[in-house]
Every structure is written in structure tokens, then in C-alpha cells.
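Visitor: Below is a structure I'd like to ask you about.
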Amino acid sequence: MNLAPALPVTLEVPAATLLARRIAAYGLGGSHAQNAAGSLAGEPLGQGEWSVLLGTARHERMVGLLARTVADAALATTDDQAAEVREAHVAALCGDLVHERELIRLVGVLRGSGLDHRALKGAAVAHLDYPDPALRSFADVDLLVRAEEWDDAIQVLREAGWERQFAQPRPGFERRFVKGMVLRRPDDGGTELDLHRTLALGPFGLTVRLEELWADCEVFRLGGVEVQALPAEERFLHACFHAVLGDRPPRLVPLRDIAQMSLRGNLDLDRVIRHARSWRAEAVLLHAVELTWETLGLDPTAEMATRVRSLSPSSREIRALGAYLSPQRSYVGLCLSAIRVIPRPADKARYVAALAFPKRDFVSPRYRGHASRWRVAVRTLRAGRRLRAQRPSTTPHGR
Amino acid sequence: MSDGPDESSDCVVSEAPSGCRWVRAAGTLSRNARDTLVLLPEGGEDQTPLVVSGSAALLWELLADPITLSELAAELAAIYEVEASEIEVDLAPVLEGLHTAGAIERSP
Numbered sequence: 000m001n002l003a004p005a006l007p008v009t010l011e012v013p014a015a016t017l018l019a020r021r022i023a024a025y026g027l028g029g030s031h032a033q034n035a036a037g038s039l040a041g042e043p044l045g046q047g048e049w050s051v052l053l054g055t056a057r058h059e060r061m062v063g064l065l066a067r068t069v070a071d072a073a074l075a076t077t078d079d080q081a082a083e084v085r086e087a088h089v090a091a092l093c094g095d096l097v098h099e100r101e102l103i104r105l106v107g108v109l110r111g112s113g114l115d116h117r118a119l120k121g122a123a124v125a126h127l128d129y130p131d132p133a134l135r136s137f138a139d140v141d142l143l144v145r146a147e148e149w150d151d152a153i154q155v156l157r158e159a160g161w162e163r164q165f166a167q168p169r170p171g172f173e174r175r176f177v178k179g180m181v182l183r184r185p186d187d188g189g190t191e192l193d194l195h196r197t198l199a200l201g202p203f204g205l206t207v208r209l210e211e212l213w214a215d216c217e218v219f220r221l222g223g224v225e226v227q228a229l230p231a232e233e234r235f236l237h238a239c240f241h242a243v244l245g246d247r248p249p250r251l252v253p254l255r256d257i258a259q260m261s262l263r264g265n266l267d268l269d270r271v272i273r274h275a276r277s278w279r280a281e282a283v284l285l286h287a288v289e290l291t292w293e294t295l296g297l298d299p300t301a302e303m304a305t306r307v308r309s310l311s312p313s314s315r316e317i318r319a320l321g322a323y324l325s326p327q328r329s330y331v332g333l334c335l336s337a338i339r340v341i342p343r344p345a346d347k348a349r350y351v352a353a354l355a356f357p358k359r360d361f362v363s364p365r366y367r368g369h370a371s372r373w374r375v376a377v378r379t380l381r382a383g384r385r386l387r388a389q390r391p392s393t394t395p396h397g398r
Numbered sequence: 000m001s002d003g004p005d006e007s008s009d010c011v012v013s014e015a016p017s018g019c020r021w022v023r024a025a026g027t028l029s030r031n032a033r034d035t036l037v038l039l040p041e042g043g044e045d046q047t048p049l050v051v052s053g054s055a056a057l058l059w060e061l062l063a064d065p066i067t068l069s070e071l072a073a074e075l076a077a078i079y080e081v082e083a084s085e086i087e088v089d090l091a092p093v094l095e096g097l098h099t100a101g102a103i104e105r106s107p
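Okay, structure coming up:
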């Protein structure tokens, strides 16, 4: 797990991907990538490559950064291409404002019911960590609620017109074990609310000390309303969780978030590391920073990189991380990994029983029945075992 | 926090008293994309943002504090080196549109 010393330019990486990485790193102070972005000002891309780049920027929700490189003439474009970027950026900003309006409504609903909450990811990061929120777009609304208030929050949101997609496997399961849930409002254009209980699915979500997420907050204002977010260090660790434990392959935006927060110079690194240790997530922090530094070509002598490089995560953490990074990663595999970190035997039993024998209304939308669900689970586990047997190491980086 | 356009929402900007001051409505959400301004006023079920181009970003900046139409025109005239009276004529319908949408309100 060594930090890459320079830009990750390899022959295997398509040119459009490399360019997207450089755009994702654009404007980060003191990075090698900033110089690389400056060198993009050559000839405009051909239409085919341009379409791929613009599509990537849309998919990665970094049209704002692309627009900035074009506005700064760091990336040469034709007039038509520049107009396309402007149009795409305005469309992204329209979406951001609609999501922010929804966030304000939700804050009002939860606050009105006396339920604690924190805005996560998109809106919070755009307003608190970026010099201009127009650089950071987002696709939904993310809110954290207290585990002990989970059922109340779901009830209040249902009364406000939000609908859950799936029932919980057994009563009480969600407030004890889940990462969160996606809710939708059928009467509007499909705005999604990602309601979180913790910061990740699987074992790393269960070792987060939830009480530490509620000890403090940072506030930003949206349309005259105060919105509470996690403090900077917890926000940073959440970005690390999102980058490493979320989508495969990881999106560029959470990597940019990590770089953005790291290089702003306002993080208390002792506090970051203390939390990571307390949450048994040093492996996540280390891997997220390595991945960010390598992908975005950041200066390896930066304090964040050097401090994090000195961490020595336990073999148990590295094994847990392997379950997330495996090409055969599965929901079943992560659920099984999670059993190891549930501390009390009674809770382990509840967890296993709920997943092994859930209520029928949990099973029916996803599978034809209990038997079908078991067959899929066994097939998934067998496939994962075969793949692990073929690989030389079960750890993500051979450690 | 405002519940949308203020109580004088049916007033016409160009016919408002000359000393009438305008200011961003507190509940309006906004983003700048260079010379384009995206606004989402508060209130109503219509969640279609407003896109304003031209010198909109600067105009929005000036509307952070209560300001009259004449003062706005004078500020913009100094920047763009155009007669304030010419700008005032162009500015009135823009303010009217922003006011009708609930993005700005009359300052008490």
C-alpha cells in the first residue's frame, strides 16, 4: 500500500479517463495535477473524444470543474464545445437547486418533529468545502438521523409523502444494523432521499461510533435556513468511506472531495486519525488517501499523505476492506463480513435470524420466495469463493 | 424567511416610487455559472429554476443589500460605461421578472 509518487499515467488507462482525472484535480493548490491541467490547453478534442469527456463529466457530476477549466482556458475547446459545457453546467446547477430546496423542506419536517439530523455529502460538501458550490454538483439529498430515532424519522417522512422501496426484514433491524435507506416521493419528478443511519454498508458501517457523529456539527445556510452538517473531520472520513466502500470503480467526485478537504488546510489530522482508529477504519482512511493521491496525481509530500502513510491498520481491517474491493463484492458477502463486528452474541443472533428468515414482505419485491432468495445467496457465495481461490492473495494489496 | 413574493407582488417595478429599494428574497437559492445566474425562488409547487444571462451575476451581487432601481442603474453604468438612463430602461423589466418570480422583494 505505497503512495504513488506521481501522475498515474499508464498505457492501460484510456485518454478520456486520464483527461477526466486531470479535470477532477483542477485547481487543487500545490498538486502535480494542477500543472497537468494547465498543459491541457492544446488543440480542441475531436468530436468523438469530446463527447466521451462531456459524458464522463456528467456521469461523474463534475461538469462544474470542466466548466471551470474551459472558462480558465486550461482546456482548449471549439465554440460549440464551450457552449455545450455551459449548457450542461446550467442544467446541473438547476438540479442542485431543486435538491437543495428539497433538503430545506426535509430539514423543516425533521426539525418540526424534534428529530436530530445532519446533511451529508453533496449539498454540505459543496457549501462547506468548495470555494464555489457551483463546482460540486450532486444527484440526491443525503441526511443522517440518529439510530434510536430511525423508526420515528421513517414515520415522519412517510407522513410527508416519502415512500420506502422495501420493508425491513424484521422489526428493529434497520435501527440496529442498516447503513440507510432510499426513499422516494412518487408525486414529484423522482427526487431521492438517501436517509442514513451510519456511513457505510457492511462491517465498516457497524464499527462507526455513531455517538461521535452527533457530538458536534457545522452549520451552513441555504435560502435563509440553517442546515447542520457533520464537522470537517467527520465529513472528511465520510468522503473516504464513500470513495472506498461505495461505487466500484470509485467515482472521481468523492476523490476530489477528499483532495479538496485535505488540501484546504483546516482539517485536524489528529482528530481524523483518532476517529478512524476509534471506528476501526484506519484501512479505509489509508486506502482512500492513497487512491486519491494516485488517481489525481497529488503531491506525495503533502502532510495528509505522509501522516496517513504511517498508519498500520490491523489485518482484520484489511480483510474487511478486501470484501468491499473484491471484483466479486456482493451484498451477501458484506452482510456475512458484518457478523464478525457485531459485538453482542444476542445482536449477532438477531442479525443472522433477520437476514436468514426475513418477513415475507421483505422478500417478495426482490425474489420469488424464500427458496429463490437462498439459491441466489448460495450462488453468489460460491462465485466469490471460486474467485478468491484463483487469486494469489485475499487482501486488497497483498498485505 | 419569506413565504414567496411580498405583499406588493402585483406592483410594477417601473411604477414603484423612486425611493423603493429591492433586495434578494431570503429564501431564494442561487448559483453563478460565469455570466449566467440560476435562481430558485421559494414558494409554490413549481420547482423550475430561473436562468438569467448577461450581467445577471453582477446584478445579483448588487441585490445582496437593499438598492433602488436608479442606484442599480448607476452602479452598472459605471462598470459598463453606458448612460445610467439607458440601463435603467433595460433593467426595469429584469427586476420585474425577478420580482414576479419571487426572487427579489421590496425592502421594508
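Listed in order, the protein sequences are those of chains A and B. Mind the numbering: the first sequence is residues 0 to 398 in numbering that gives the first Met the number 0, read in order. Mind the numbering: the second sequence is residues 0 to 107 in numbering that gives the first Met the number 0, read in order. Yeah, the Cβ is synthetic: ideal placement off N, Cα and C, and Gly gets one too.
1. Measure from the C-beta of E41 of chain B to each C-beta in chain A and report whether the shortest distance is under 8 Å.
2. Could you work out which residue in A:L200, A:L209 and A:E162 is closest to D186 of chain A when comparing CA atoms only?
3. Would a C-beta distance cut-off of 8 Å place A24 of chain B and I103 of chain B closer than the cut-off?
4. Starting from G179 of chain A, trace the alpha helix (DSSP H) both ways and give me its first and last residue.
5. Per the contact definition of three or more C-beta pairs closer than 8 Å, is the region 334-354 of chain A in contact with the region 159-176 of chain A?
6. Between E316 of chain A and A282 of chain A, what straight-line distance do the alpha-carbon atoms span, to the nearest angstrom?
7. Following the continuous beta strand (DSSP E) through Q259 of chain A, name the residue where it begins and the one where it ends.
8. Check Q399 of chain A in the structure and name its three-state DSSP category.
9. Against chain A, which members of the region 59-75 of chain B pass a CB distance test of less than 7 Å?
10. Residues bridged to A32 of chain B by DSSP?
11. Report yes or no: is there a C-beta of chain A within less than 8 Å of the C-beta of A25 of chain B?
12. Starting from the Cα of P107 of chain B, find the closest Cα among B:E60, B:D64 and B:V81 and give me that residue.
13. Distance, Cα to Cα, S119 of chain A vs I86 of chain B?
14. Any contact of the region 112-131 of chain A with the region 214-231 of chain A, i.e. 3+ C-beta pairs under 8 Å?
15. If I measure Cβ to Cβ from L102 of chain A and keep anything under 8 Å in the same chain, skipping five residues before and after, which residues do I get?
16. Residues of chain B with a CB under 7 Å from the CB of H88 of chain A: which are they?
17. Chain A partners of V50 of chain B, CB-CB under 8 Å?
18. At a CB-CB cut-off below 7 Å, which residues of chain A make contact with T99 of chain B?
19. State yes or no: is the C-beta of L92 of chain A within less than 8 Å of the C-beta of R30 of chain B?
20. Using 10 angstroms around the beta-carbon of D215 of chain A, count the other beta-carbons present and answer buried if the total reaches 16, otherwise exposed.
21. Mind checking who D234 of chain A pairs with in its DSSP beta bridge?
22. What are the boundary residues of the beta strand (DSSP E) that R23 of chain B is part of?
23. Do R208 of chain A and W292 of chain A have their C-beta atoms within less than 8 Å of each other?
24. May I ask you to list the residues that DSSP assigns as paired with R220 of chain A?
25. Residues of chain A with a CB under 9 Å from the CB of V88 of chain B: which are they?
26. Report the residue from A:V106, A:A337, A:R196 and A:A287 whose alpha carbon sits nearest the alpha carbon of V252 of chain A.
27. Tell me whether T67 of chain B sits in a helix, a strand or coil according to DSSP, three-state version.
28. Taking CB distances under 8 Å as the criterion, tell me whether V93 of chain B reaches chain A.
29. Looking at the unbroken beta strand (DSSP E) that takes in I103 of chain B, where does it start and where does it end?
30. How would you call E99 of chain A, buried or exposed, if buried means at least 16 neighbouring beta carbons within 10 angstroms?
31. Could you run through the region 305-317 of chain A and flag, in chain order, every residue whose CB is less than 8 Å away from some CB of chain B?
32. Return the CA-CA distance between G107 of chain A and R318 of chain A, expressed in angstroms with no decimal places.
Guide: In short, the structure shows the following:
1. yes
2. A:E162
3. yes
4. Segment G179 to R183 is the beta strand (DSSP E) holding G179 of chain A; no alpha helix (DSSP H) there.
5. yes
6. 6 Å
7. Taken as a continuous stretch (DSSP letters only), Q259 of chain A belongs to no beta strand (DSSP E), being part of the alpha helix (DSSP H) at L251 to L262.
8. Residue 399 of chain A lies beyond the residue range present for chain A, which begins at 0 and ends at 398; the question has no answer from this structure.
9. none
10. B:T35
11. yes
12. B:D64
13. Sequence inspection shows Leu at residue 119 of chain A; the Ser mentioned does not correspond to that position. Straight-line Cα distance between these residues: approximately 43 Å.
14. yes
15. A118, A122, V140, L142, L221 and V226
16. A32
17. V89 and C93
18. Those do not exist, as T99 of chain B stays about 18 Å from chain A at its closest Cβ, beyond 7 Å.
19. yes
20. exposed
21. It should be pointed out that residue 234 of chain A corresponds to Arg in this sequence rather than to Asp. DSSP lists no partner for R234 of chain A.
22. R20 to R23
23. no
24. A:E225
25. Near V88 of chain B there are no residues of chain A at all, since even the closest Cβ is about 27 Å away, more than 9 Å.
26. A:A287
27. strand
28. no
29. I103 to R105
30. buried
31. none
32. 42 Å
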